[in-house]
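Heads up: the protein sequence lines correspond to chains A and B, in order.
Numbering of the first sequence is given in my numbering, commencing with residue 1 and proceeding in unit increments.
Numbering of the second sequence is given in my numbering, commencing with residue 283 and proceeding in unit increments.
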Amino acid sequence: MALFFIAPVLIGFGIFYLYPAIRGFWWSLTDYSLLAEPEFIGLENYANVLQDPEFWNSMAVTFAYVLINVGSQTIIALVLAALMHRLTRSVVLRTTLLLPWLVPNVTVALIWLWLLDTNLGFINKVIESMGLDAVGFFTNPSFTIPTISLINTWAYVGYTALLFYAGMLQIPQDTYEAAAIDGAGEFRTFFRITLPLLRPILALVLVVSLIGSFQIFDTIAVTTKGGPVNASRVIYYYIYQQAFTYFDMGYAATMAILLVLILGVLTFIQLRLLRASESQIA
Amino acid sequence: MTTTALPPVQLEPAPAEPPRPPRGSGRRLTPARLIGWTILVFALVATLFPFYWMVKSALTPAADIIGDAGNLWPTNPTMVNFARVLGLLSAEETRAAGGSGASINFALYVWNSIVYCALIGFFQTLFCAMGGYAFARLRFRGREFLFGLLIAALMVPGIFTLLPNFVLVRDLGLLNTVWGMVAPSLLMTPFALFFLRQFFLNIPRDVEEAAMIDGAGKIRIFWRVVLPMSQGPLITIGLITVVWAWKDYLWPLLIGRDESVRTVTVALGVYLQQSPNTQPDWTGLMAASTLSVIPVALLLVFLGRRIVESLNFTGIK
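1. Quick one, which residues of the segment 235–258 of chain A are near chain B if we go by CB-CB under 8 Å, in chain order?
2. How should G499 (chain B) be labelled, buried or exposed, when 16 other C-beta atoms within 10 angstroms of its C-beta is the threshold for buried?
3. Alpha carbon to alpha carbon, how far is A549 (chain B) from M59 (chain A)?
4. Going residue by residue through the segment 60–124 of chain A, where are the continuous alpha helix (DSSP H) segments of at least 4 residues, counting only ones entirely within it?
5. Which of the three DSSP states, helix, strand or coil, is assigned to F217 (chain A)?
6. Helix, strand or coil for F40 (chain A) per DSSP?
7. For L288 (chain B), which residues from the same chain have a beta carbon less than 7 Å from its beta carbon, with the 5 sequence-adjacent residues on both sides left out?
8. Could you pull the start and end residues of the alpha helix (DSSP H) that G226 (chain A) belongs to?
9. With a threshold of 8 Å between beta carbons, is V525 (chain B) in contact with chain A?
10. Quick one: is L454 (chain B) near chain A, going by C-beta distance under 8 Å?
11. Please classify E490 (chain B): is it buried, with 16 or more other beta-carbons within 10 angstroms of its beta-carbon, or exposed?
12. When DSSP labels each residue in this structure, what does T30 (chain A) get in the three-state scheme?
13. Locate the alpha helix (DSSP H) running through Y246 (chain A), then write down its first and last residues.
14. Using the C-alpha atoms, what's the distance from A384 (chain B) back to A365 (chain B)?
15. Candidates B:V508, B:A373, B:N447: which alpha carbon is nearest G413 (chain B)'s?
16. Does the Cβ of Q51 (chain A) have 16 or more other Cβ atoms within 10 Å, making it buried, or fewer, making it exposed?
17. How long is the line joining the alpha carbons of L273 (chain A) and P200 (chain A), rounded to whole angstroms?
18. Using 8 Å as the limit for Cβ to Cβ distance, is L478 (chain B) near chain A?
19. Using 8 Å as the threshold, is the C-beta distance between L330 (chain B) and T74 (chain A) below it?
20. Classify I485 (chain B) as helix, strand or coil using the three-state DSSP reduction.
21. S149 (chain A) and N69 (chain A) look like a contact to me (Cβ under 8 Å); what is the Cβ gap, rounded to whole Å?
22. Could you confirm whether any beta carbon from chain A is found closer than 8 Å to the beta carbon of A416 (chain B)?
23. Report yes or no: is there a C-beta of chain B within less than 8 Å of the C-beta of I111 (chain A)?
24. Restricting to runs no shorter than 4 residues, where is the alpha helix (DSSP H) found entirely within the segment 330–405 of chain B?
25. Along the segment 331–354 of chain B, where does the CB come closer than 8 Å to a CB of chain A? Name the residues.
26. Is it the case that the Cβ atoms of L322 (chain B) and L266 (chain A) are separated by a distance below 8 Å?
27. Kindly indicate which residue of B:A465, B:V392, B:L368 has the alpha-carbon position closest to the one of L401 (chain B).
28. Assuming G440 (chain B) and Q241 (chain A) are in contact, meaning their beta carbons sit under 8 Å apart, how far apart are those beta carbons, in whole angstroms?
29. DSSP on V531 (chain B), reduced to helix/strand/coil?
30. Can you tell which of A:R86, A:Y32, A:L271, A:T144 has the C-alpha that lies nearest to the C-alpha of F187 (chain A)?
31. Residues in the same chain with beta-carbon distance under 8 Å from G369 (chain B), minus the five sequence neighbours each way, listed in chain order, please.
32. Go ahead and pull the three-state DSSP assignment for L550 (chain B).
33. Three or more C-beta pairs under 8 Å: does that hold for the segment 242–255 of chain A against the segment 20–36 of chain A?
34. Does chain B have any CB closer than 8 Å to the CB of G264 (chain A)?
35. Can you find a C-beta in chain A that's less than 8 Å from the C-beta of G440 (chain B)?
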């Protein structure tokens, strides 16, 4: 009887999650060009990846992206959530803030590619009207990653803010009333009450943001294709290139596995640091 | 609301679901509140302006793209960019309006995306509801172990399974077919399964037990009692699934390059590359981008409250 209910889910999981996971692991131990059959080569791919400066470069680029993206997104979202929590319950405001999250990353990338265009982009028109030189947001290697990070902060900050806001609504009102009676100001209340009591949700949202942020692909694929000179070639894009430009599936699968490991370790550390399971709301 | 700090005669209505913002200071505009509101209004403008600019550029004739680059409204607004990206004009007319003359038919791509999203949204929700119900309510051997295994997949980045899945779909001869594109998401995602199981765990058992006493079987109870009762969460998870599918890029890019199945996101990427000269065809691109935003914007207008309120538990539980 139960089989009837879980059969579709189990079949879907078996074919499209479990089987590819095993297959991907097997490929990482082989030389597999997509055209010929995989050929077992032991740990050679792992040795090669770990000695590949391009791999380390893509990891460094990805870390820079994640740091700027998750950092800015979390801070801005916390501020917006706290302001909404203290000032308004407007559904219209919340709905509007959510709009960029609903729009495809590809569209977001195109809109900003146009707004930040060196010659005709509106932002550069504004910069030029202030008497400054136009900025090559996507063409100057030192600007590409910060630019793309902040574009995705724009796209996801509203969503993140709403998650924090939902968490803040769970904090009991009397805590705030008590703080007000004690004469605590808004800043003090935020740092002494809101932030500590939000910790479990903060931890979960951070983990989810981090995992999502590591998987940045769409924006890069549309705007810079990893350029200029690999300045924005993140790990996802490098894996994609190895698999579908150079047809080196074994190598791509190896990097994918290393990415899984890195994310696993980071998640574990983060949850430990923020002690997510311990809620201070009784 | 507790009565402690309230003036005695004030008659407040019972607090609505989310309690009103606290603080006795009420509506008075203190400097702190003014700064707070300024930041919120700024956030609102920063959220909306890029969309405004997209629409404005879509309404600008290609010939005015340089002249209007710094203007907040097109000098000669036109719908011609929408007409040409929807494939309504001949190749010559398209070239005259600033396009490359390559065939472009966003009416088809939007339709492809709608089919893609609808199939995934419907079937994934249905199957995950069945699975979620079984994991929440039915007793069978290995239940906890299986559920743990399925949920572990939540943590695995998509690219890990994406490479073998691509090869699988290719070997099955399903490249450039709708079924190849929807296959990996049609039956389940760990997220939808987890979400619906959590929901079924929390609904009271009484109703099901009453139906069981009446002699209804498990399947009948599920169809006749549990599903109708769960409309809210089902619509919510269906909506979220549809939105995610609408945003999909990498998978449809790999599987559905052919024009007959090309989705909006893939088509936008192709369009950017087809641009005639060094300068992309911005007015056409912005018209096409607008078409990719309209469906989700409509969703937000009609179902915004439901989506916003669903975030209370989706992201967290």
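In this text, a Cβ means the ideal position worked out from N, Cα and C, and glycines have one as well.
Values in this document were obtained by computation on a predicted structure and should not be read as measured data.
Taking the structure as given:
1. Sequence-ordered contacts of the segment 235–258 of chain A with chain B read Y236, I239, Y240, A243, F244, M249, A252, A253, A256, I257 [C-beta pairs closer than 8 Å].
2. Exposed, since its Cβ has fewer than 16 Cβ neighbours within 10 Å.
3. Using only the alpha carbons, I get a separation of about 29 Å.
4. With a minimum length of 4 residues, the continuous alpha helix (DSSP H) runs that stay inside the segment 60–124 of chain A are 91–102, 105–115.
5. In the structure shown, the three-state DSSP call for F217 (chain A) is coil.
6. F40 (chain A) carries a strand assignment under DSSP once its states are collapsed to helix, strand and coil.
7. Because the pLDDT at L288 (chain B) is just 27, under 50, the model does not fix this residue reliably, and the point stays unresolved.
8. It is not in any alpha helix (DSSP H) - G226 (chain A) carries neither H nor E in the DSSP assignment.
9. V525 (chain B) has a beta carbon lying within less than 8 Å of a beta carbon in chain A.
10. Chain A, which has no Cβ nearer than 8 Å to the Cβ of L454 (chain B), makes this no.
11. It counts as buried.
12. In the structure shown, T30 (chain A) sits in a strand (DSSP, three-state: E or B).
13. Boundaries for Y246 (chain A): no alpha helix (DSSP H) harbours it, and the DSSP string shows neither H nor E there.
14. Answer to the nearest angstrom: the Cα atoms are 14 Å apart.
15. Comparing Cα-Cα distances from G413 (chain B) to each of B:V508, B:A373, B:N447, the minimum goes to B:V508.
16. Exposed.
17. So the two alpha carbons sit approximately 11 Å from each other.
18. Judged by the 8 Å Cβ criterion, L478 (chain B) is not in contact with chain A.
19. In this structure, the beta-carbon distance from L330 (chain B) to T74 (chain A) does not fall below 8 Å.
20. Shown here, I485 (chain B) sits in coil according to DSSP, grouped into three states, outside any helix or strand.
21. That belief holds up - the Cβ atoms of S149 (chain A) and N69 (chain A) are roughly 4 Å apart, short of 8 Å.
22. By this cut-off, A416 (chain B) is an interface position.
23. The Cβ of I111 (chain A) sits closer than 8 Å to at least one Cβ of chain B.
24. Listed in chain order, the complete alpha helix (DSSP H) runs (minimum 4 residues) inside the segment 330–405 of chain B are 362–367, 373–378.
25. Those residues of the segment 331–354 of chain B placed with their C-beta closer than 8 Å to a C-beta in chain A are P332, F333, W335, M336, S339, I347, I348, A351, G352, ordered along the chain.
26. Contact flag unset, no.
27. Ranking the options by Cα distance to L401 (chain B), first place goes to B:A465.
28. 16 Å between Cβ atoms; not a contact.
29. Contrary to the premise, residue 531 (chain B) reads as Tyr rather than Val in this sequence. In the structure shown, Y531 (chain B) sits in coil (DSSP, three-state: anything other than H, G, I, E or B).
30. The closest CA to that of F187 (chain A), considering only A:R86, A:Y32, A:L271, A:T144, is found on A:R86.
31. Contacts found: S385, I386, N387, F388, A389, L390.
32. In the structure shown, L550 (chain B) falls within a helical segment according to DSSP collapsed to helix, strand and coil.
33. Contact holds: three or more Cβ-Cβ distances are below 8 Å.
34. Answer yes: the Cβ-Cβ gap between G264 (chain A) and chain B drops below 8 Å somewhere.
35. Output row for G440 (chain B): interface = yes.
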